[in-house]
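Accompanying notes for the structure given below.
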Amino acid sequence: MSASPPPHTRRAPRPLPVLAWLLLLAVGWLGLVATLGAADPAPAAAPRIAVQLTIDGPIGPASADYVVRGLARAQQRGATAVVLRIDTPGGLDTSMREIVRALLASPLPVLTHIAPSGARGASAGTFIVYASHVAAMAPGTSIGAAAPVQVGGGGGLPLPGRPADAPSAPTAPPSPVGAPVTVAPPVATPDHPAEPVRPAPARRDAREAKVVEDAVAYIRSLAELRGRNAGWAERAVREAASVSAEQALALNVIDFIAADTADLLAQAHGREVRVGEARVVLETRGLAVEALEPDWRTRLLAVITNPNVALILLMVGVYGLLFEFMNPGALLPGTVGAISLLLGLYALAVLPVSQVGAALLLLGMVLMLAEAFTPSVGVLGIGGLVAFVFGATMLIDADVPGYGVSLPLILGIALASLALSLLIARLALSSHRHRVVTGTQALIGDTAQVLDWSGSTGHVLASGERWQASGETDLQTGQQVRVVEIRGLRLQVAAQTPTVPPTVPGPTGLESKPDPTRSPP
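Be aware that the sequence shown starts at 41, since it is given in my numbering, and climbs by one per residue.
Printed below as a string of structure tokens:
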């Protein structure tokens, strides 16, 4: 008898295919290479790019956001330097100081270039140039006119004129108020050529004096930090002095004149500048220039912070909410109005707004809305129009370059608001002249039919509904009556007055009834 095979037999293990062994070896080799590379990384080639930022127009919150974020992105991209190309008439003091702080804290050297030919670096642009590591101008450009403007106008205490309005030197005792003021001529040095002396203003507002002195101290500190002409910088603030590119180079306001960005990088090569606490020798020759354009956020911020757009957003917001309150459930006017109002308020939060102007603007809007709800024969509407025009005019100082509110826009919005208020008032008055057609009040004046009557009370059928009623004592079932009043859930009715046909005078002067069988001529 032959032996039967065991019930469970094991097969011999098959060797791994050659392809699997090769795959394991490849994975192990890659892991070894990665480990060695992480332990001793090979030095990467230093990037050779210069990021270019461009300010073209008034300096405001959008410009400050663009420069601050642009410097951070340039550092992330490993740029060697940053080129800041500007052409500006000036702008807001808060935005200018934000840009200056970013330039002073930048770990990358910033080369500011007023370009192209015909451009200017006025007002706030002068401070930015003085804060830069390297300052240059294109031929045919100008710089200066850095006198600060004050939002809201004057109104402070007067101060007498004084010699300190000119670059400081050993001063004489102060002159009496109203006496002629003499200024000692400044001493000429190789780095600071002599400049013509101009008389100082005779009197100055206390508020203006504080603003000017603060701006002078600020720009002098920047000039001393970068080794530039502090005397001319003070003149640019006190006297709104302005010079051309050639004059700026002679006065040590800028470092050199460059026709374009390539020329700027070539002339800046080899210069030693102070970046933070370290002295750095610039190696900018041959750098590839990478322009960094404003993104959607910067463009949106630039549109919103335009004073004209902010004013429009405020009006759209107010009237959107007004229409939503007048027509609850419409949703669209309320949604658009809420978004517009929030954007407009955000713009006012970042712009230099006059408190008096904002108060007048708000008063004008309230008065025009009040005219719509409580017609006052135009008194509130006209008063609101006047307050709105003055408030919008004073809302933002028109002296700040690029941040004035357009007068035609103010008048257009005011007239449109007044017309809308008068239209709403007219519709409200016309609605009072028409009888009510909805609700229980619509029953007044309607005809009803008596269902049952006993004494002076009973039930009537009015508008398809059974109502308790009270009225005259001689009403009969089925009689037509008229609703004269509603008292709670009871109607006050009266018998219908029969219609009497009109009478016409007869041929003898007596009244005669019209002949129903005779057709009119």
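Backbone N, C-alpha and C define an ideal beta-carbon position, used for all residues, glycine too.
For glutamate 274, DSSP records no beta bridge to any residue.
Apart from the 5 residues on each side of it in sequence, methionine 355 sits with its Cβ closer than 6 angstroms to the Cβ of Ile453 in its chain, given in chain order. The Cβ atoms of histidine 153 and alanine 328 lie no closer than 8 angstroms to each other.
In the same chain as alanine 399, and ignoring 5 residues on each side of it, the C-beta atoms closer than 8 angstroms to its own belong to Gly431, in chain order. The Cβ atoms of alanine 112 and alanine 90 do not sit closer than 8 angstroms to each other. Taking the CA atoms as reference points, leucine 132 sits about 23 angstroms from leucine 332.
Cβ-Cβ distances below 6 angstroms link glycine 130 to Ala162, Ser163, Ala164 and Pro441 in the same chain, with the five nearest sequence neighbours on each side left out; the list follows chain order.
With a 10 Å radius around the Cβ and a threshold of 16 neighbouring Cβ atoms, aspartate 254 comes out exposed. Inside the region 303-374, DSSP marks whole alpha helix (DSSP H) runs of 4 or more residues at positions 336-344 and 347-366, from first to last along the chain.
Rounded to the nearest angstrom, the gap between the Cα atoms of serine 103 and valine 419 is 44 angstroms. Contact between the region 299-319 and the region 141-159 is established, with three or more Cβ pairs separated by less than 8 angstroms. For arginine 113, the uninterrupted alpha helix (DSSP H) run begins and ends at 101-116, by DSSP.
Contact annotation: phenylalanine 365 and leucine 401 have beta-carbon atoms that are not nearer than 8 angstroms.
DSSP lists Asp492 and Gln508 as the bridge partner or partners of histidine 499. DSSP places serine 394 outside both helix and strand once states are collapsed to three, so it counts as coil.
Of all C-beta pairs linking the region 177-186 to the region 282-295, three or more are shorter than 8 angstroms, placing the two stretches in contact. Taking C-alpha positions only, asparagine 348 is separated from leucine 449 by approximately 7 angstroms.
For the pair glycine 377 and isoleucine 436, the Cα-to-Cα distance works out to about 23 angstroms. Judged by DSSP in its simplified three-state form, serine 146 adopts coil rather than helix or strand. Exposure of aspartate 486 is indicated by the presence of fewer than 16 other C-beta atoms within 10 angstroms of its C-beta.
In the structure shown, glycine 131 falls within a strand segment according to DSSP collapsed to helix, strand and coil. The beta carbon of serine 135 lies closer than 8 angstroms to those of Ile99, Gly100, Pro101, Ser103, Ala104 and Ala164 in the same chain, with the five residues before and after it left out. The alpha-carbon of isoleucine 95 is positioned some 21 angstroms away from that of alanine 273. A residue is called buried when at least 16 other Cβ atoms come within 10 angstroms of its Cβ; glutamine 92 meets this threshold and is buried. Isoleucine 168 and alanine 176 have their C-alpha atoms spaced approximately 12 angstroms apart.
The three-state reading of DSSP puts alanine 185 in coil, since its state is none of H, G, I, E or B. Exclusion of the five residues before and after threonine 324 leaves Ala121, Leu305, Ala308 and His309 as the residues of its chain whose Cβ lies within less than 6 angstroms of its Cβ. For glutamine 532, the enclosing beta strand (DSSP E) stretches over residues 530-535.
Excluding five sequence positions before and after serine 503, the CB atoms of its chain that fall closer than 7 angstroms to its own CB belong to Leu483 and Asp486, given in chain order. In the structure shown, isoleucine 294 adopts coil according to DSSP, grouped into three states. When only Cα atoms are considered, glycine 369 and glycine 357 end up about 17 angstroms apart.
Threonine 517 carries a coil assignment under DSSP once its states are collapsed to helix, strand and coil.
Distance from the CA of glutamate 264 to the CA of leucine 361, rounded to the nearest whole angstrom, comes to 54 angstroms. Collapsing the DSSP output to three states places valine 445 in coil. The beta carbon of leucine 371 is closer than 8 angstroms to those of Glu364 in its chain, skipping five residues each way along the sequence. In the DSSP secondary-structure assignment, threonine 94 is bridged to Arg125.
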